[in-house]
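Just so you know, UniProt numbering puts 155 at position 155 of the sequence shown, and the rest follows in order with no gaps. Virtual Cβ for every residue (Gly too), placed ideally from N, Cα, C. One structure is given below, encoded as structure tokens.
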Amino acid sequence: LLKFPVVWCSGETVAQLKGIVSQSSYPENAYKAIDGNRDGNYFGTTTYGSCTHTATEQNPWWRLDLQDEYKITSITITNRGDCCSERINGAEIRIGNSLINEGNDNPRVAVISSIPAGKYQKFAFKDIMYGRYVNVIIPGKNRILTLCEVQVIGSRRSGEG
Numbered sequence: 001l002l003k004f005p006v007v008w009c010s011g012e013t014v015a016q017l018k019g020i021v022s023q024s025s026y027p028e029n030a031y032k033a034i035d036g037n038r039d040g041n042y043f044g045t046t047t048y049g050s051c052t053h054t055a056t057e058q059n060p061w062w063r064l065d066l067q068d069e070y071k072i073t074s075i076t077i078t079n080r081g082d083c084c085s086e087r088i089n090g091a092e093i094r095i096g097n098s099l100i101n102e103g104n105d106n107p108r109v110a111v112i113s114s115i116p117a118g119k120y121q122k123f124a125f126k127d128i129m130y131g132r133y134v135n136v137i138i139p140g141k142n143r144i145l146t147l148c149e150v151q152v153i154g155s156r157r158s159g160e161g
């Protein structure tokens, strides 16, 4: 597991936290989905760009551990722009407190039907979601998950009055 900074916003409050990211394969690049860079070019100009990438596998997933329970109001996901934008179609966003099945059994809060190449989509939740883990999983065989940015907006639940 890798630790990298994540910026969280709640109203006008901005705090710097540590998030722990992991994914089903190639864990060394999982952090690229929370590096603050929405560039959709996987290959980039130097080394590899700012996107995660799993192997071709069954049910590939990516997970962010917020290290505490949060009230999550929205999640914005940026899709790959240089090719293969259809790979994200059918991905599920799951939020919860369980690590059963790597967190992929937590409640499904959204399904990504499609996001245009290099663009992003915001998923705002009518019902406020609570959880420590944010997962993105694509169910099915021979799938590849690529995420260029995942932005989670919320506030620490323990801070509620």
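Ser113, DSSP secondary structure in three states: Locating residue 113 in the sequence shown gives position 113, counting from the first residue. Secondary structure at Ser113: coil, using DSSP grouped into helix, strand and coil.
Euclidean distance between Cα positions of Asp39 and Asn104: For the purposes of this step, residue 39 is taken as residue 39 along the sequence shown, with counting starting at 1. For the purposes of this step, residue 104 is taken as residue 104 along the sequence shown, with counting starting at 1. Distance between the alpha carbons of Asp39 and Asn104: 26 Å.
Endpoints, beta strand (DSSP E) assigned at Ala91: Numbered from 1 along the sequence shown, position 91 holds the residue referred to as residue 91. It spans Ala91 to Gly96 - the beta strand (DSSP E) in which Ala91 sits, taken as one unbroken run.
Buried or exposed by the 16-neighbour rule on C-beta atoms within 10 Å, applied to Val152: Translated into positions along the sequence shown, residue 152 becomes position 152. Buried: at least 16 other Cβ atoms inside 10 Å.
Closest by C-alpha distance to Gln58, when choosing among Tyr42, Ala91 and Ser98: Position 58 of the sequence shown holds residue 58. Closest by C-alpha distance to Gln58, out of Tyr42, Ala91 and Ser98, is Ala91.
Distance between Asn142 and Thr73 (C-alpha atoms, nearest Å): Within the sequence shown, residue 73 is the residue found at index 73, counting from 1. Within the sequence shown, residue 142 is the residue found at index 142, counting from 1. Roughly 32 Å between the two C-alpha positions.
Nearest-angstrom beta carbon gap, Asn29 and Thr52 [assumed within contact, 8 Å]: Locating residue 52 in the sequence shown gives position 52, where the first residue counts as 1. Locating residue 29 in the sequence shown gives position 29, where the first residue counts as 1. Between Asn29 and Thr52 the Cβ distance is about 5 Å, and since that is below 8 Å, they are a contact.
Cα-Cα separation between Val109 and Ser50, rounded to whole angstroms: What you label residue 109 is simply residue 109 of the sequence shown in a count that begins at 1. What you label residue 50 is simply residue 50 of the sequence shown in a count that begins at 1. Looking at the two C-alpha atoms, the distance is approximately 25 Å.
When Gly19, Arg132 and Ile77 are compared against Thr146, the one with the closest alpha-carbon: Counting from one through the sequence shown, the residue named residue 146 turns up at place 146. Comparing Cα-Cα distances from Thr146 to each of Gly19, Arg132 and Ile77, the minimum goes to Ile77.
Rounded separation between Tyr31 and Ile20 - CA only: Numbered from 1 along the sequence shown, position 31 holds the residue referred to as residue 31. Numbered from 1 along the sequence shown, position 20 holds the residue referred to as residue 20. As the crow flies, the alpha-carbon of Tyr31 is around 8 Å from that of Ile20.
Among Ile75, Gly118, Ile138 and Cys148, nearest to Ala129 - alpha-carbon criterion: Here residue 129 is taken as the residue at index 129 of the sequence shown, counted from 1. The amino acid at residue 129 is misidentified as Ala; the sequence shows Met. It is Ile75.
Backbone secondary structure at Gly19 - three-state DSSP: Sequence index remark: in the sequence shown, residue 19 carries index 19 (1-based). Of the three classes helix, strand and coil, the one that applies to Gly19 here is strand, per DSSP.
DSSP three-state assignment for Ala124, whether helix, strand or coil: As a working note, residue 124 is residue 124 in the sequence shown. Here Ala124 sits in strand by DSSP.
Nearest neighbour of Asn79, chosen from Lys122, Gly96, Ser25 and Asn97 [CA to CA]: The sequence position of residue 79 within the sequence shown is 79, counting from 1. Comparing Cα positions, the closest option is Lys122.
Option in Gly118, Ile34, Leu66 and Phe125 with minimal Cα separation from Val111: Translated into positions along the sequence shown, residue 111 becomes position 111. That would be Phe125, whose Cα lies nearest to the Cα of Val111.
Assigned exposure category for Cys83 - 16 Cβ within 10 Å defines buried: The residue given as residue 83 occupies position 83 in the sequence shown. Classification of Cys83: exposed, given that the 10 Å Cβ count is below 16.
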